[in-house]
Amino acid sequence: MIEQETRQQEEVDTPWQVVVHNDPINLMTYVTMVFQKVFGFSREKAEKHMLEVHQQGRSIVWSGLRERAELYVQQLQGYLLLATLERIN
Amino acid sequence: MDIRREGDTLEISELDPFLAELLRQIPDSTKPEGAEAAHARLFCLPADPAEKELCAEWKLYVEPELRRLFHSATETVLTDLQALNGQSKPFANCTLRIPTKNAEAWLNALNQARLVIASKYGFSEGELGDHYRSPIGSRRDLSLFQINFYGFLQEFILHEMQK
Chain A
0 MIEQETRQQE EVDTPWQVVV HNDPINLMTY VTMVFQKVFG FSREKAEKHM LEVHQQGRSI
60 VWSGLRERAE LYVQQLQGYL LLATLERIN
Chain B
0 MDIRREGDTL EISELDPFLA ELLRQIPDST KPEGAEAAHA RLFCLPADPA EKELCAEWKL
60 YVEPELRRLF HSATETVLTD LQALNGQSKP FANCTLRIPT KNAEAWLNAL NQARLVIASK
120 YGFSEGELGD HYRSPIGSRR DLSLFQINFY GFLQEFILHE MQK
């Protein structure tokens, strides 16, 4: 029982990251706008992440608790960006 | 074709019948039915498939929300497009007015359409970057033109909304 509770607590505490993946369809200006809207990034920061996605194939745009990460991924997918969440090991 | 902002409206005038028809096709082009790749792109997994519980919950609770969001954007576009029907004589140029409050819905529907068309035809990154391919000699060429035309509209809407 204690072991199970510990596992559940670890699950809750594990940090997650939100990753946006490259996609040849989404316009660079559109991706920048979405980052500004969803995360409230400055234009410079949004462009930096957009270029990271474009040039490196992915960019970690946020990290923290799972519930919030899920919400961000839902918002990003609502804008049709290729976004996923990953555990930070 | 002329495109500009007039107060709270984005106006696309001098639309020739061919481009007007491409605009009319936006709602239908957002439908991924019959193309598994297109459906998978619109409703992609939120995490590695190994995260089985997370992916299953996503499909159950989040996917219907996304479906509603996409449908709502497409319905808004469909309503705005109705102004194109019966507006003028056949083969005459026409004008489309998009209220700026609907700009996000247009961006979303145009993106859905571009993603679905690209998935259905499996365009390579090289083809998608080739904006000057001509003439249009096949359905595939026309679809690529459609993707680029919708992308041009997205750029215009974004540019005007950021002013």
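Line by line, the protein sequences are chains A and B. Numbering that gives the first Met the number 0 applies: residue 0 is where the first sequence begins, and numbers increase by one. Numbering that gives the first Met the number 0 applies: residue 0 is where the second sequence begins, and numbers increase by one. Quick reminder that beta carbons are idealized off the backbone N, C-alpha and C, glycines included.
Terminal residues of the continuous alpha helix (DSSP H) containing residue i?
i	result
B:Ser142	138-160
A:Leu70	65-77
A:Met49	42-55
Could you work out which residues of chain A lie near residue i, taking near to mean beta carbons separated by less than 8 Å?
i	result
B:Asn110	Ile24, Asn25, Tyr29, Tyr78, Leu79
B:Arg113	Ile24
B:Gly136	Near B:Gly136 there are no residues of chain A at all, since even the closest Cβ is about 23 Å away, more than 8 Å.
What in chain A is Cβ-close to residue i, meaning under 7 Å?
i	result
B:Val61	Gln73
B:Ala37	Here the premise fails: no neighbours, minimum Cβ distance about 11 Å.
B:Gly150	Leu26
From the options, pick the residue whose C-alpha is nearest to that of residue i; which is it?
i	options	result
A:Phe38	A:Arg86, A:Asn25, A:Arg67, A:Glu85	A:Arg67
B:Phe42	A:Arg86, A:Leu81, A:Ile87, A:Trp15	A:Leu81
B:Trp105	B:Gly150, B:Arg139, B:Ser142, B:Ile135	B:Gly150
B:Leu77	B:Leu152, B:Gly136, B:Lys162, B:Ile25	B:Ile25
A:Thr28	A:Trp15, A:Glu46, A:Val60, A:Thr13	A:Glu46
A:Ser41	A:Val72, A:Val60, A:Arg86	A:Val60
B:His70	B:Ile116, B:Asp1, B:Pro31, B:Ala19	B:Pro31
B:Gln153	B:Pro48, B:Asn101, B:Cys54	B:Asn101
How would you list, in chain order, the residues of chain B whose beta-carbon sits under 8 Å from the beta-carbon of residue i?
i	result
A:Glu85	Ala46, Asp47
Against residue i, what residues of chain B qualify as contacts under a CB-to-CB distance less than 9 Å, listed in chain order?
i	result
A:Met32	Leu106, Leu157, Met160, Gln161
In the DSSP assignment, find the unbroken beta strand (DSSP E) run with residue i in it and report its ends.
i	result
A:Thr31	No beta strand (DSSP E) holds A:Thr31; the alpha helix (DSSP H) holding it covers 27-38.
B:Leu14	8-14
A:Leu84	82-86
What residues from chain A crowd round residue i, counting only those whose CB sits closer than 9 Å?
i	result
B:Leu68	Gly77
B:Leu190	With chain B running from 0 to 162 in the structure shown, residue 190 of chain B is simply not present.
B:Gln153	Leu26, Thr28, Tyr29
B:Ala117	Pro23, Ile24
Length at least 4, wholly inside the region 20-107 of chain B: the alpha helix (DSSP H) runs in chain order: 25-28, 35-41, 51-56, 62-80
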